[in-house]
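Peer 1: Below is the structure I would like to discuss, written out as structure tokens.
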Ligand code: PHE
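In the working numbering, the protein residues as written are 10 to 463.
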């Protein structure tokens, strides 16, 4: 195989494809971020908006990304160039790749915190401590979290180094189901804590007056973030999917799996938050403060805690792999750089970007830009701006540029599969998704404030 002509890899089994796509979607977004932003935005009402965004916008965009990717069989730049020759749509690739670098730069930090909790769980050192102090001591430290983020990047490199089939597929299909089982055990424990009902009420009973316009944008942004949409991950993975796979079923399966895991995380966290009289809006530390309490109440808690943080760490790695893959596929195919070199190059740059994010809770905690730490600002920009704008571009591209009728053969595997919701899909992709995203972006005063417009 010559370096100038990288051979395109593809996913082997059908389950492997779903596992990899679900592996990208399921990650820290579901278990770390979903509970804490739901807590910050008042609970039930936020959840409903989030679910509406998932069903109405997330699902059709997921199907669009898979089918665009598979139709083009190329990286994001190549795909836009091939599907809309002579047009400037391939510039979307710049936004997608920027989003990948941005997300990776803070995602690796949070994944690092997760990894840091593994040795703490094994040694049982958390048990006698105030959990919130213990978390603060970790994330405000200079070196430890930084080193853990580098370890995350190192393992990501190792995983991705072996290519698509062997790397991504092999690990995700065993470990994701294991995480699911562990979460079911945790649900049982959490629901039997005192005052568990209060937590469920917080999560499921909507209090609409707690919902703000920026909360709505946050829900939309998180729908994209959690499903890994709006930045070409699913397009890139789509390009590795075999022609025989049913993309409609697959999109639905990934969306359902992702949403289920987020809901399960909520059902684990909020009863515990109320049982231990913690604040639901305690921010990014929420799971690090509540979960050790839940584990403490379990027989063999330290073992479960070790297993949980290990599996969550792996779930995070299957997401970091997908982030790196977007950039690696872009530069190997567009710039004709050998895959292995590309992986090192990309991860190297990501390692540099990780530094200011990792220091955001320590040395750089007082260095605020637009009132946010580097970490907070990059998370806001990526989830609430880059991804929704990326989703807007994808819906406009499918709805108005290449048009749904030209994507239909890809979605139906050349007419072999029925496409019952064709009409609804077309209406959503052409009108509902772009208009809704645009309006939410505009009305989110936080966004306009951040850039000094309001
Ligand atoms: N979906 C991942 C999660 O929920 C994060 C992610 C976002 C991964 C965007 C890839 C692209 O953790």
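No residue lacks a Cβ here, since even glycine has one placed at the ideal position from N, Cα and C.
Kindly indicate which residue of 375, 267 and 274 has the alpha-carbon position closest to the one of residue 328.
Peer 2: Measuring from the Cα of residue 328, the nearest candidate turns out to be 267.
Peer 1: What residue range is occupied by the uninterrupted alpha helix (DSSP H) comprising residue 122?
Peer 2: That run of the alpha helix (DSSP H) goes 101–132.
Peer 1: Could you confirm whether any beta carbon from chain D is found closer than 8 Å to the beta carbon of residue 18?
Peer 2: Of the chains in the structure shown, none is chain D; there is only one protein chain.
Peer 1: Would you say the beta carbon of residue 403 is closer than 7 Å to some non-hydrogen atom of ligand 1?
Peer 2: Not under cutoff, so the answer is no.
Peer 1: Residue 229 and residue 446 - do their beta-carbons sit closer together than 8 Å?
Peer 2: Yes.
Peer 1: Kindly give me the distance between the Cβ atoms of residue 291 and residue 154, rounded to whole angstroms, as I take these residues to be in contact under 8 Å.
Peer 2: In fact, because the Cβ distance is near 18 Å, the residues do not count as touching under 8 Å.
Peer 1: Could you tell me how far apart the beta carbons of residue 407 and residue 250 are, in whole angstroms, since I believe they sit closer than 8 Å?
Peer 2: About 17 Å separates the two Cβ atoms, so there is no contact after all.
Peer 1: If you draw a straight line from the C-alpha of residue 403 to the C-alpha of residue 435, how long is it?
Peer 2: In a straight line, the C-alpha of residue 403 is about 13 Å away from that of residue 435.
Peer 1: What are the start and end residues of the alpha helix (DSSP H) that includes residue 343?
Peer 2: First-last of the alpha helix (DSSP H) with residue 343: 310–343.
Peer 1: If we ignore side chains and look at the alpha-carbon of each, how far apart do residue 379 and residue 224 end up?
Peer 2: Their Cα atoms are separated by approximately 18 Å.
Peer 1: Can you give me the C-alpha to C-alpha distance between residue 416 and residue 29, rounded to a whole angstrom?
Peer 2: For residue 416 and residue 29, the distance between alpha carbons rounds to 23 Å.
Peer 1: What would DSSP say about residue 42, mapped onto helix, strand or coil?
Peer 2: Helix, per DSSP.
Peer 1: Going by C-alpha distance, which of 41, 443, 397 and 321 is nearest residue 184?
Peer 2: The shortest Cα separation from residue 184 among 41, 443, 397 and 321 belongs to 321.
Peer 1: In terms of alpha-carbon separation, which member of 51, 400 and 346 lies closest to residue 218?
Peer 2: Here the closest residue by C-alpha is 51.
Peer 1: In chain order, what are the residue ranges of uninterrupted alpha helix (DSSP H) at least 4 long that sit wholly in the segment 223–261?
Peer 2: Here the runs fully enclosed are 242–247.
Peer 1: Between the alpha carbons of residue 438 and residue 67, how many angstroms are there, rounded?
Peer 2: Those two C-alpha atoms are separated by around 10 Å.
Peer 1: Cutting at 6 Å between CB atoms, please list the residues of its own chain near residue 14, excluding the five before and the five after it.
Peer 2: Since pLDDT at residue 14 reaches only 46, below the 50 mark, its modelled position is unreliable, and no value is offered.
Peer 1: State the DSSP-derived secondary structure class of residue 346, mapped to helix, strand or coil.
Peer 2: In this structure, residue 346 counts as coil in the three-state DSSP scheme.
Peer 1: Rank 127, 357 and 24 by C-alpha distance to the C-alpha of residue 186 and give the top, closest one.
Peer 2: With distances taken between Cα atoms, residue 186 lies closest to 24.
Peer 1: Give the C-beta separation of residue 359 and residue 113 to the nearest angstrom, bearing in mind that I take them to be a contact with Cβ-Cβ under 8 Å.
Peer 2: 5 Å between Cβ atoms; contact.
Peer 1: If you draw a straight line from the C-alpha of residue 239 to the C-alpha of residue 181, how long is it?
Peer 2: The alpha-carbon atoms of residue 239 and residue 181 are separated by roughly 22 Å.
Peer 1: Given the structure, does residue 19 come close to ligand 1, in the sense that its CB is under 7 Å from one of the ligand's heavy atoms?
Peer 2: Not so, every heavy atom of ligand 1 lies at least 7 Å from the Cβ.
Peer 1: Can you determine whether any heavy atom of ligand 1 sits closer than 7 Å to the C-beta of residue 275, and answer yes or no?
Peer 2: No, the Cβ of residue 275 stays beyond 7 Å of every heavy atom of ligand 1.
Peer 1: Nearest-angstrom Cα distance between residue 12 and residue 342?
Peer 2: Low local confidence applies: a pLDDT of 41 at residue 12 is under 50, so the model's placement there is unreliable, with the coordinate-based value given in what follows. Using only the alpha carbons, I get a separation of about 10 Å.
Peer 1: Please list the terminal residues of the continuous alpha helix (DSSP H) segment that includes residue 445.
Peer 2: Looking at the DSSP string, the run of the alpha helix (DSSP H) that includes residue 445 is 442–452.
Peer 1: Helix, strand or coil: which one does DSSP assign to residue 377?
Peer 2: Residue 377 falls in the coil class under three-state DSSP.
Peer 1: Beta-carbon separation of residue 141 and residue 298 under 8 Å?
Peer 2: In contact: residue 141 and residue 298 (Cβ atoms closer than 8 Å).
Peer 1: Mind checking residue 388: buried by the 16 CB within 10 Å criterion, or exposed?
Peer 2: Flag for residue 388 reads buried.
Peer 1: Which residues mark the beginning and the end of the alpha helix (DSSP H) in which residue 148 is found?
Peer 2: Note, residue 148: alpha helix (DSSP H), 140–148.
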